[in-house]
Every structure is written in structure tokens, then in C-alpha cells.
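Asker: Using our numbering, the letters of the sequence shown map in sequence onto residues 250 to 571. We put the CB at the ideal spot given by N, CA and C, even for glycine. Please read all numbers here as calculations on a predicted model, not as lab measurements.
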Amino acid sequence: MSIHVTDVDPQNTARLVQWNGILRDGYSVGRQKVWSRSDDATRLQFQKPHPTRRSVLLLAEIDGVPVGAAEAHAHPGEPADAEIAVLDAFRRSGVARALLAAVRDALRGTATLMRTETYSDVGVAFARSEGLRVGVRESRQVVDLPLSEGAFDGLPGAPSDVEVLSWVGACPDELLDGWARLRSHMSDDVPMGDLTRTALPADVEAVRRNEERMSEQGYALVRSLARVDGEAVGYTEILLSRPDPKIVLQDDTFVEERVRGRGIGRALKIANLRRLESVPESAGSLFLQTYTALTNEPMLALNRSIGFEEADVLTVLEGPLG
Ligand SMILES: CC(C)(COP(=O)(O)OP(=O)(O)OC[C@H]1O[C@@H](n2cnc3c(N)ncnc32)[C@H](O)[C@@H]1OP(=O)(O)O)[C@@H](O)C(=O)NCCC(=O)NCCS
Numbered sequence: 250m251s252i253h254v255t256d257v258d259p260q261n262t263a264r265l266v267q268w269n270g271i272l273r274d275g276y277s278v279g280r281q282k283v284w285s286r287s288d289d290a291t292r293l294q295f296q297k298p299h300p301t302r303r304s305v306l307l308l309a310e311i312d313g314v315p316v317g318a319a320e321a322h323a324h325p326g327e328p329a330d331a332e333i334a335v336l337d338a339f340r341r342s343g344v345a346r347a348l349l350a351a352v353r354d355a356l357r358g359t360a361t362l363m364r365t366e367t368y369s370d371v372g373v374a375f376a377r378s379e380g381l382r383v384g385v386r387e388s389r390q391v392v393d394l395p396l397s398e399g400a401f402d403g404l405p406g407a408p409s410d411v412e413v414l415s416w417v418g419a420c421p422d423e424l425l426d427g428w429a430r431l432r433s434h435m436s437d438d439v440p441m442g443d444l445t446r447t448a449l450p451a452d453v454e455a456v457r458r459n460e461e462r463m464s465e466q467g468y469a470l471v472r473s474l475a476r477v478d479g480e481a482v483g484y485t486e487i488l489l490s491r492p493d494p495k496i497v498l499q500d501d502t503f504v505e506e507r508v509r510g511r512g513i514g515r516a517l518k519i520a521n522l523r524r525l526e527s528v529p530e531s532a533g534s535l536f537l538q539t540y541t542a543l544t545n546e547p548m549l550a551l552n553r554s555i556g557f558e559e560a561d562v563l564t565v566l567e568g569p570l571g
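(1) Taking 7 Å as the line, does the beta carbon of Tyr276 fall inside it for any heavy atom of ligand 1?
(2) Considering only the beta carbon of each residue, do Ile487 and Ile519 sit closer than 8 Å?
(3) In whole angstroms, what separates the C-alpha of Glu366 from that of Arg273?
(4) Name the two residues that bound the continuous beta strand (DSSP E) containing Ser342.
(5) According to the neighbour-count rule (16 or more other Cβ atoms, all chains shown, within 10 Å of its Cβ), is Gln499 buried or exposed?
(6) Considering Met250, what are the terminal residues of the alpha helix (DSSP H) in which it resides?
(7) Which full runs of the alpha helix (DSSP H) of 4+ residues lie inside the segment 254 to 283, going along the chain?
(8) State buried or exposed for Ser251, treating a residue as buried only when at least 16 other CB atoms are found within 10 Å of its CB.
(9) Could you check whether the Cβ of Val477 sits closer than 7 Å to any heavy atom belonging to ligand 1?
(10) Look up Pro421 in the DSSP assignment and give the residues it is bridged to.
(11) Return the bridge partner residues of Glu506 from the DSSP annotation.
(12) The beta strand (DSSP E) with Pro300 in it runs from where to where?
(13) Taking the beta strand (DSSP E) that Ala475 belongs to, which residues open and close that run?
(14) Give the DSSP-derived three-state secondary structure of Met435 in the structure shown.
(15) Return the first residue and the last residue of the alpha helix (DSSP H) that Arg446 is part of.
(16) Please look up how many angstroms separate the CB atoms of Arg341 and Pro408, rounded, as I've assumed it's under 8 Å.
(17) Give the secondary structure of Thr359 by DSSP, where H, G and I count as helix, E and B as strand, and everything else as coil.
(18) Using beta-carbon positions only, say whether Trp301 and His324 come within less than 8 Å of one another.
(19) Expressed to the nearest angstrom, what Euclidean distance is found between the alpha-carbon atoms of Gly571 and Arg524?
(20) Where do the ends of the alpha helix (DSSP H) carrying Ala455 lie?
(21) Could you tell me whether any non-hydrogen atom of ligand 1 is closer than 7 Å to the CB of Thr361?
(22) Could you tell me the boundaries of the beta strand (DSSP E) in which Arg491 lies?
(23) Do you know how far the Cα of Val305 is from the Cα of Trp268?
(24) Can you tell me whether Gly326 is buried or exposed? The criterion is at least 16 other CB atoms within 10 Å of its CB, across all chains shown.
(25) Which partner residues does Trp416 have in the DSSP bridge list?
(26) Return the bridge partner residues of Arg386 from the DSSP annotation.
(27) Hey, out of Lys297, Thr255, Arg386 and Val254, whose CA is closest to Leu566's CA?
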């Protein structure tokens with residue numbers, strides 16, 4: 250039996266969609282309420298390549314039958330991120346090992362460290378066998394949508410000196426500096442276990458580029474910002490894929506350390522969930538998903554208080570690429 254690994258040309262839509270399907274199926278085995286990137290979003294993401302990121306898309310076949318897939322990305326100077334999935338019926342035959350070897354070959358010279366993600370002990374065993382070590386474990390928490398009437402009844406509101414602004418789409422110009430600054434503080438502060446931290450500069454251009462790419466890929470960005478005395482102190486963001494709104498993603502939430510413990514995080518999340526309801530496509534949304542480090546007790550508790558429950562646990566592993 251010989252395993253054949255080939256590059257997927259993202260401009261070949263049929264092949265790209267086939268590749269995305271293998272990744273999706275491989276990562277879904279044995280899990281409930283799984284989010285996976287839609288074929289539309291995949292096409293939009295890869296057919297207009299990111300200007301500075303190197304991406305690798307690989308398909309593994311046995312006798313011409315696709316059995317596994319890998320996706321990896323590297324920004325120069327940062328750890329590469331790799332996802333590898335093998336269809337259930339073809340596991341333990343060296344397919345993942347062959348895919349990871351090809352990822353390493355393709356990214357050698359671009360990155361020196363790599364990371365990979367898994368939801369299973371088998372995935373952890375595989376990554377360890379390849380010299381990676383557990384960096385962080387995160388709870389994947391989900392809550393059904395629409396939220397029940399009165400879901401937030403009894404929860405305290407925002408403190409009186411805190412102003413919460415919510416909108417959908419690009420950040421208004423007058424809020425942009427504060428948004429970019431908080432986004433970079435989030436990357437300094439978010440619990441990352443033993444993973445290597447790389448600083449994200451407060452870069453307004455990067456915020457605008459990201460907004461543009463996300464909206465081209467069909468995402469509605471639902472955002473809230475908290476201010477005290479006119480100064481930005483916290484933010485939160487939800488991503489809703491307009492062509493595939495079933496599963497909505499609760500992305501970053503950050504509150505500056507000096508104002509933590511006052512209910513600003515909860516007020517931001519509640520305001521943002523209300524704003525989400527104003528996006529017409531959210532009528533088709535079945536649940537909201539978020540990731541929180543298992544060590545981040547304040548955020549796990551906040552999420553539980555608004556109805557989130559754990560679906561499974563993500564393990565991120567890191568190690569040398571070469
Ligand atoms: C993890 C996954 C990609 C492994 O794919 P695979 O093709 O079965 O893996 P391989 O056959 O190449 O295994 C290579 C090595 O990984 C380890 N490994 C793989 N499966 C294992 C298992 N069920 N139990 C223990 N170790 C295992 C072993 O060391 C194995 O070498 P060996 O067979 O010589 O002992 C596959 O189970 C999968 O798709 N899981 C869901 C997606 C996922 O979690 N991906 C994350 C990858 S980090």
C-alpha cells in the first residue's frame with residue numbers, strides 16, 4: 250500500500266472542496282456540534298492568497314482514493330500552524346506521518362517552530378510521536394442559539410461609568426486606535442500555557458486588512474467596545490459566516506487588567522449577543538462556540554453564567570519544525 254501526498258492547487262475548486270471535506274470529516278470523528286469552515290469560505294480564503302502568509306494544502310491518497318489532508322500556515326518569524334486529519338477507516342497506517350513530513354518539507358526555511366491542534370488522545374499521541382509537546386489545553390464551550398427569552402435576567406448590567414458601544418463590520422474610525430491597542434494587549438495577556446508567545450503590534454493597518462479579508466470571505470464581524478471616561482478598556486468580537494450561519498464563533502474578549510472584576514467582560518458579551526440578533530442571517534444560527542484555556546477560570550465562569558457548556562477539549566502542541 251503506498252501513500253501518495255500531493256499539493257492541492259487552490260484554484261482547482263473541485264480539488265479544494267474535496268480537500269476541505271477530508272479535513273472536516275477527519276476532525277469531526279466522534280465529536281458533537283463541530284464547526285468546520287464551509288466550502289464557500291474555503292474558496293474565498295484560498296483563491297485570493299494572503300499577502301504575507303505562506304500556506305500549504307496537502308492531500309494524501311491511497312490507490313487514488315483521498316484518505317487524509319493537511320493544512321498549514323506560516324507567517325515569517327512565527328510558529329507555523331498545521332492541521333492534519335485522516336479518515337477513520339485509514340488510520341494507523343502512517344498517513345498522518347507522511348502528511349506531517351510533507352508539511353515540514355514545505356515550510357522549512359519559513360518557520361522554525363510548529364503547532365498542531367487536536368481534540369483526542371489519539372491526536373496527542375500522534376503529535377508526541379512527532380516530537381511535539383503539549384502547550385495549552387482549551388475548553389470548547391457552546392451555547393444553543395437563539396438564546397432563551399430572559400437568558401440574561403438576573404445578571405448584573407454594566408457598571409454606571411462604563412459605556413458599551415456595539416456595531417457590525419469595520420471598526421468606526423474614531424474607535425480604531427483603541428481597538429488596535431486592546432487587540433495587541435490581548436495577544437500579550439491571553440493564557441497560552443507553554444506555547445511560544447509572539448507579540449502582535451498595535452497596528453491599525455493590520456486591523457483594516459483583517460476586516461477586509463474577513464468581509465470578503467463572507468463573515469459579519471459583530472463587535473462591542475467598552476470605554477471608561479472615553480478611553481477604550483475592553484472589547485469582544487463574534488464572527489458569523491453569512492453563507493453558513495449555523496455555528497457562530499465567539500472570538501476574542503479582552504478587558505484591561507486595571508478594570509477587571511467589575512462585570513465589564515460580561516456586559517460586553519451580553520451587548521454583543523444582543524447585537525448579533527440584528528444580523529438577519531443569525532435567524533439560521535444553531536449555536537455559538539468559544540475557546541477558553543482550562544486555566545482561565547474567570548472566563549470559563551463568565552461563559553457558564555451566560556449558558557455555555559463544554560463540548561470537548563482542544564489540545565495545542567508545539568515543537569521544532571525541522
Ligand atoms: C491523529 C491522526 C491524524 C493520526 O493519523 P494516522 O494516519 O492514524 O497516524 P499514523 O498512522 O501516521 O501514526 C503515526 C504515529 O502516531 C501515533 N499514533 C497514531 N494513532 C495512535 C493511536 N490510536 N494510539 C496511540 N498512538 C497513535 C503512533 O506513534 C504512530 O506510530 P506507529 O503506528 O508506528 O506506532 C488521526 O487520528 C486523526 O485524523 N484524528 C483527528 C484529527 C486530529 O486530531 N488531528 C490532529 C493531529 S495532531
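Answerer: Inspection of the coordinates gives the following:
(1) Yes.
(2) no
(3) 13 Å
(4) Ser342 -> no beta strand (DSSP E), and no H or E assigned at all.
(5) buried
(6) Here Met250 belongs to no alpha helix (DSSP H), and DSSP marks it neither H nor E.
(7) The alpha helix (DSSP H) runs of length 4 or more contained entirely in the segment 254 to 283 are, from start to end of the chain, 262 to 277.
(8) exposed
(9) no
(10) Per DSSP, none; premise fails for Pro421.
(11) DSSP, once it has assigned bridges, lists no residue as partnering Glu506.
(12) Here Pro300 belongs to no beta strand (DSSP E), and DSSP marks it neither H nor E.
(13) Tyr468 to Val477
(14) Met435: helix per DSSP, three-state reduction.
(15) For Arg446, there is no enclosing alpha helix (DSSP H), as DSSP marks it with neither H nor E.
(16) Wrong, their Cβ atoms sit about 55 Å apart, outside the cutoff.
(17) coil
(18) This sequence places Thr at residue 301; Trp is not what is there. Yes.
(19) 45 Å
(20) Val453 to Glu465
(21) no
(22) In the DSSP assignment, Arg491 falls outside any beta strand (DSSP E) and carries neither an H nor an E.
(23) 12 Å
(24) Counting other Cβ atoms within 10 Å of its Cβ, Gly326 stays below 16 and is therefore classed as exposed.
(25) Arg472
(26) Thr564
(27) Checking every option, the nearest Cα to that of Leu566 belongs to Arg386.
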